[in-house]
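A.B. asks: Handing you this structure, nothing more for now.
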Amino acid sequence: MASVNEKISKDIKYTGKDFPTIRKNLIDFAKTYYPTTFNDFNEASPGMMFLETTAYVGDLLSFYLDKQFKESLLPYATERKNVVALAQTLGYKPRQAIAAQVDIDVFQTVPAVGLGSKNSPDFRYALAIAGGMRVKATKEAVFRTDLPIDFSISGSSNLTDISIFSTDDTTGEPTYYLLRKRVGFESGTTLKQTFTVSAAEPFLQLTLPRTNIISITKVTDSNGNTWSEVPYLAQDMVFKQVQNNQYIEPALSEHRSETPYMLKLTKTSRRFITRVDAAGKTVLEFGPGTHTGPDEEIVPNPISAGSALPTATPSSNTFIDPSNFLYTKTYGQAPSNTTLTIEYVVGLGVKDNVPAGDVTDIDDIQFISEGSGIDITLFNNTKASLAATNPTPSQGGRGAETIDEVRNNSLAHFNAQGRVVSKDDYMIRTLTMPSQYGSIAKVYVTQDEKLNVSEGSSRLRNPFAVNLYTLSYDQDKQLTNTNPATKQNIKNYISPYRLLTDSVNIKNAFVINIGVDFEIITLPGFNSNEVLVKSINIVKKLLHIDNMQINQPIILADLYTELASVMGVQSVTKLEFYNFYDESEGYSGNIYDIKQATRDNVVYPSLDPSIFEVKFPNSDIKGRVTSI
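If you read the sequence shown in the numbering used here, its first letter stands for residue 836, the second for the next number, and so on.
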């Protein structure tokens, strides 16, 4: 006699998930286990109605289970709110709007001073404009820059172009000069939103009303405090920008023209993070710190715990509740009894992409200084002469990222991890440092080796350090050593992203100045002078400093091929490289044996990180046309 469990044991199939399969399995189940109870499988029978209804419900449940599972996986999710939520769990913040970028020429006139060879612009009348200048386009688009504009400063990354504006009809000497700054602007209109906060609330969330927000520019409270945006609330170090002057940086202020601002790391408890909600609105979330006293009052300080000092925490019966950290400023302070003012920037999407010459209306401007000891009338005329225009169209303005863009960008962001680990990480991070902290033209990274150290040096190789070799451009776009102020900014800029064990040594790469001498034979019927000019221009293009990198060899075959491809060139009979090193003539002073470094039609750089540079292309690249 069979047991009770044996009687109720039935074969259930779990593979069927769609309506036809579930229906068939139910019919087979009924025929197998209820042959006498139910045997009317006619389509119109009441029993079949219940079977098909059950199959219908099963199909729906299977569909929504599969759908919900797919929506929990970033590569397969299709609903925007789910894709955005998953992206934010990976640390990526989807952009609701993307600003258009444009270079704007800002002009002013200044009177001339001096006579004859001493005639020059009177920079006492050079304007200094505070950051936040706004310029309007013909229609709705507004462009702004956070960078100050100082016409008295000129450097490789902050060039002031000077030209003659007007001359005296009698003497022909300049009476006014035109100063021009080319400054990067981005589109967006700045708006303000205020929130009144009473009692401190852990993880306070404030939602901005607009959806097309480009960025949060400033958050202040009614007590005069500034709140800083951080990637996560546990991060208490933020970047702070300070002017590079003799009062703040007396040792580095001599490099003010190339590095107008210093980048500082400062600690703050007033911080917030941002995220995007399901409606596409930006939410600001503040820290949980509601305790008004020192953190040591509720979480013992390890330094003082158990010591003999009167203020120390007794070691006996000391219990640390992990939840107490949520009341301290460890994860940021919660605002209380204040009014928060949030400044943010909104964009118009593709409407911010305007044609060249369309951005001319100076909408908002604030001068840093009004001048002293100068002619007020002339100074007012100088301010009245201020003008702006965009020589090129603005580009890049658009609306929110698409679902596919959010998905792919978040995966790429997660893979990057926001850290500098590899050589490429160090190079990219260095090159993306904002230009107001110094301009970097070339970067090369190696593991620390005992390079460029004299015999008998006690310096040892550090396996946990990297050597970061850099070079900058001067005003003539020629390579020069990176100044100490910029190097200090690079260190500070990299510091939050590097591994704890990594040390960074910032050094100057070597510049090897070279020249080229070549000969060609032209085809009959071609103007030899025209062919020669085209050939010289080809060599200039191939060896342009933009195309050269540190430790990049020169492949002679590429030059031969490009020269031979010039229309009218029959053959290249000579191609030689030379080293120029005379410092009195403006060269680097580095002597290099080009012939010794040439093997198999490849000119190799030095073992020490170095770069080939044609310093004066017009004179250092020579070509001739010879006859057969």
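In this text, a Cβ means the ideal position worked out from N, Cα and C, and glycines have one as well.
Would you mind sorting L908 into buried or exposed? The rule is 16 or more other CB atoms within 10 Å of its CB.
C.D. replies: Mapped onto the sequence shown, residue 908 falls at position 73. Classification of L908: exposed, given that the 10 Å Cβ count is below 16.
A.B. asks: Could you check whether the segment 1194-1210 touches the segment 1155-1170, counting it as contact only if at least three pairs of C-beta atoms, one from each stretch, sit closer than 8 Å?
C.D. replies: The answer is no - the segment 1155-1170 does not touch the segment 1194-1210, with fewer than three Cβ pairs under 8 Å.
A.B. asks: Grab me the residues of W1062's own chain with a C-beta within less than 6 Å of its C-beta, minus the 5 sequence neighbours each way, in chain order.
C.D. replies: Locating residue 1062 in the sequence shown gives position 227, where the first residue counts as 1. If we look at W1062 and ignore the five residues flanking it on each side, its Cβ neighbours are V1054, R1105, F1107.
A.B. asks: Give me the Cα-Cα distance between V1407 and T1461, rounded to the nearest whole angstrom.
C.D. replies: Residue numbering aside, residue 1407 sits at position 572 when the sequence shown is read from its first letter. Residue numbering aside, residue 1461 sits at position 626 when the sequence shown is read from its first letter. If you take the alpha carbons of V1407 and T1461, they lie about 10 Å apart.
A.B. asks: When burial is assigned at 16 or more other CB atoms within 10 Å of the CB, is S1289 buried or exposed?
C.D. replies: Residue 1289 sits at position 454 when you count from the first residue of the sequence shown. Confidence at S1289 is low in this model, with a pLDDT of 46, below 50, so its placement is unreliable and the value that follows should be read with caution. It counts as exposed.
A.B. asks: Put G949 into one of helix, strand or coil per three-state DSSP.
C.D. replies: Reading the sequence shown from its first residue, position 114 is the one you call residue 949. The answer is coil: DSSP assigns G949 none of H, G, I, E or B.
A.B. asks: By alpha-carbon positions, which one of L1410, M1383, I1385 ends up nearest to T1396?
C.D. replies: Working through the sequence shown from its first residue, we reach residue 1396 at position 561. Of the candidates L1410, M1383, I1385, the one whose C-alpha sits nearest the C-alpha of T1396 is L1410.
A.B. asks: If you draw a straight line from the alpha carbon of S1151 to that of V1032, how long is it in whole angstroms?
C.D. replies: Residue 1151 sits at position 316 when you count from the first residue of the sequence shown. Residue 1032 sits at position 197 when you count from the first residue of the sequence shown. Below a pLDDT of 50, predicted positions are generally treated as unreliable, and S1151, at 49, falls in that range; the measurement from the model is reported next regardless. Cα-Cα distance, rounded: 40 Å.
A.B. asks: From the DSSP output, which residues share a beta bridge with I1456?
C.D. replies: Within the sequence shown, numbered from 1, the residue matching residue 1456 stands at position 621. Paired residues: V1351.
A.B. asks: Just how far apart, CA to CA, sit I1177 and S1171?
C.D. replies: The sequence position of residue 1177 within the sequence shown is 342, counting from 1. The sequence position of residue 1171 within the sequence shown is 336, counting from 1. If I take the Cα positions, the gap works out to 15 Å.
A.B. asks: The beta strand (DSSP E) spanning M1097 covers which residue range?
C.D. replies: As a first step, residue 1097 is located in the sequence shown; it is residue number 262 there, counting from the start. Here the beta strand (DSSP E) through M1097 covers 1096-1102.
A.B. asks: If you follow the beta strand (DSSP E) that Y1427 is part of, which residue opens it and which one closes it?
C.D. replies: In the sequence shown, the residue the question calls residue 1427 occupies position 592. First-last for Y1427: undefined, no H or E at that position.
A.B. asks: Is any heavy atom in the ligand MN found nearer than 6 Å to the beta carbon of T1217?
C.D. replies: No copy of the ligand MN appears in this structure; indeed no ligand is present at all.
A.B. asks: Answer yes or no: do L1221 and F1121 have a C-beta to C-beta separation smaller than 7 Å?
C.D. replies: Translated into the one-based positions of the sequence shown, residue 1221 becomes position 386. Translated into the one-based positions of the sequence shown, residue 1121 becomes position 286. Contact flag unset, no.
A.B. asks: Relative to the C-alpha of Y1162, which residue among L1183, G1182, T1125, L1175 is closest?
C.D. replies: Taking the sequence shown and counting its residues from 1, one reaches residue 1162 at position 327. Ranking the options by Cα distance to Y1162, first place goes to T1125.
A.B. asks: Near A934, what residues of its chain come up, given a Cβ to Cβ distance below 6 Å and the 5 sequence neighbours on each side ignored?
C.D. replies: Translated into positions along the sequence shown, residue 934 becomes position 99. Excluding positions up to five away in sequence, the list reads E1021, S1022, G1023, I1049, G1182.
A.B. asks: Restricting to runs no shorter than 3 residues, where is the beta strand (DSSP E) found entirely within the segment 1308-1388?
C.D. replies: Entirely contained in the segment 1308-1388, the beta strand (DSSP E) runs reaching 3 residues are, in chain order, 1338-1343, 1345-1357.
A.B. asks: Please report the distance separating the alpha-carbon of T973 from that of V937.
C.D. replies: Along the sequence shown, read from residue 1 onward, the residue named residue 973 stands at position 138. Along the sequence shown, read from residue 1 onward, the residue named residue 937 stands at position 102. Their Cα atoms are separated by approximately 15 Å.
A.B. asks: Using the DSSP secondary-structure output, state which residues sit across from G1035 in a beta bridge.
C.D. replies: For the purposes of this step, residue 1035 is taken as residue 200 along the sequence shown, with counting starting at 1. Going by the sequence as given, residue 1035 is Ala instead of Gly. BP columns for A1035 are empty, so no partner.
A.B. asks: Any idea which residues DSSP pairs V996 with across the strands?
C.D. replies: Residue mapping note: residue 996 aligns to position 161 of the sequence shown, counting from 1. Correcting the residue identity first, residue 996 is Asp in this sequence and not Val. R1015, per the DSSP bridge assignment.
A.B. asks: What does a CB cutoff of less than 7 Å around E887 pick up in its chain, not counting 5 residues either side in sequence?
C.D. replies: Counted from its first residue, the sequence shown places residue 887 at position 52. Hits under 7 Å: R858.
A.B. asks: Can you tell me whether DSSP reads A912 as helix, strand or coil?
C.D. replies: Start at 1 with the first residue of the sequence shown, and residue 912 comes out as number 77. Coil.
A.B. asks: On a Cα-Cα basis, can you pick out the residue from P1388, F1412, E1448 that is closest to L1442?
C.D. replies: Locating residue 1442 in the sequence shown gives position 607, where the first residue counts as 1. Of P1388, F1412, E1448, the residue nearest in Cα terms is P1388.
A.B. asks: Grab the span of the alpha helix (DSSP H) containing K1258 for me, first residue to last.
C.D. replies: Counted from its first residue, the sequence shown places residue 1258 at position 423. K1258 -> alpha helix (DSSP H) spans 1258-1266.
A.B. asks: What residue from K1218, P1190, S1274, T1103 has the CA that sits closest to N1324's CA?
C.D. replies: The residue you call residue 1324 lines up with position 489 of the sequence shown. It is S1274 whose Cα lies nearest to the Cα of N1324.
A.B. asks: In chain order, what residues of the same chain have a beta carbon less than 6 Å from the beta carbon of K905, not counting five sequence neighbours either side?
C.D. replies: Taking the first residue of the sequence shown as 1, we reach residue 905 at position 70. Answer for K905: Y911, listed in chain order.
A.B. asks: Since I believe F1030 is in contact with L1175 (beta carbons under 8 Å), could you give me their beta-carbon distance rounded to a whole number of angstroms?
C.D. replies: Along the sequence shown, read from residue 1 onward, the residue named residue 1175 stands at position 340. Along the sequence shown, read from residue 1 onward, the residue named residue 1030 stands at position 195. Right, the Cβ-Cβ distance comes to about 5 Å (below 8 Å), so this counts as a contact.
A.B. asks: Taking the alpha-carbon positions, what's the I1426 to I1355 distance?
C.D. replies: The count along the sequence shown starts at 1 and reaches residue 1426 at position 591. The count along the sequence shown starts at 1 and reaches residue 1355 at position 520. Near 28 Å, if we compare the C-alpha coordinates of I1355 and I1426.
A.B. asks: Output needed for G1208: all residues of its chain with C-beta closer than 8 Å, excluding positions within five of it in sequence on either side, in chain order.
C.D. replies: As a working mapping, residue 1208 is identified with position 373 in the sequence shown. These residues qualify, in order along the chain: R959.
A.B. asks: If you run the structure through DSSP and keep just helix, strand and coil, what is V1185?
C.D. replies: The residue given as residue 1185 occupies position 350 in the sequence shown. If DSSP states are grouped into helix, strand and coil, V1185 belongs with the helices.
A.B. asks: Between the alpha carbons of L1286 and Y1279, how many angstroms are there, rounded?
C.D. replies: Taking the first residue of the sequence shown as position 1, residue 1286 is located at position 451. Taking the first residue of the sequence shown as position 1, residue 1279 is located at position 444. Low per-residue confidence applies at L1286: pLDDT is 46, beneath 50, and the placement is therefore not dependable, though the value from the model is reported in the following sentence. Taking the straight line from one Cα to the other gives about 14 Å.
A.B. asks: Alpha carbons only, please: which of K1322, L1334, D1352 is nearest the one belonging to N1340?
C.D. replies: For this step, residue 1340 is matched to residue 505 along the sequence shown. Comparing Cα positions, the closest option is K1322.
A.B. asks: K1186 and A976 look like a contact to me (Cβ under 8 Å); what is the Cβ gap, rounded to whole Å?
C.D. replies: For the purposes of this step, residue 1186 is identified with residue 351 of the sequence shown, where counting begins at 1. For the purposes of this step, residue 976 is identified with residue 141 of the sequence shown, where counting begins at 1. Confirmed, Cβ separation roughly 6 Å.
A.B. asks: Going by C-alpha distance, which of N1244, S1270, N1343 is nearest T1281?
C.D. replies: Counted from its first residue, the sequence shown places residue 1281 at position 446. When only C-alpha atoms are compared, the closest one is N1343.
A.B. asks: Cβ atoms of L1119 and T1109: under 7 Å apart, would you say?
C.D. replies: For the purposes of this step, residue 1109 is taken as the residue at position 274 of the sequence shown. For the purposes of this step, residue 1119 is taken as the residue at position 284 of the sequence shown. It is a contact, given that the beta carbons lie within the stated cut-off.
A.B. asks: Taking only runs that begin and end inside the segment 1172-1241, name each unbroken beta strand (DSSP E) of 3 or more residues, in chain order.
C.D. replies: As far as the segment 1172-1241 is concerned, its whole beta strand (DSSP E) runs of at least 3 residues are 1173-1181, 1194-1199, 1222-1224.
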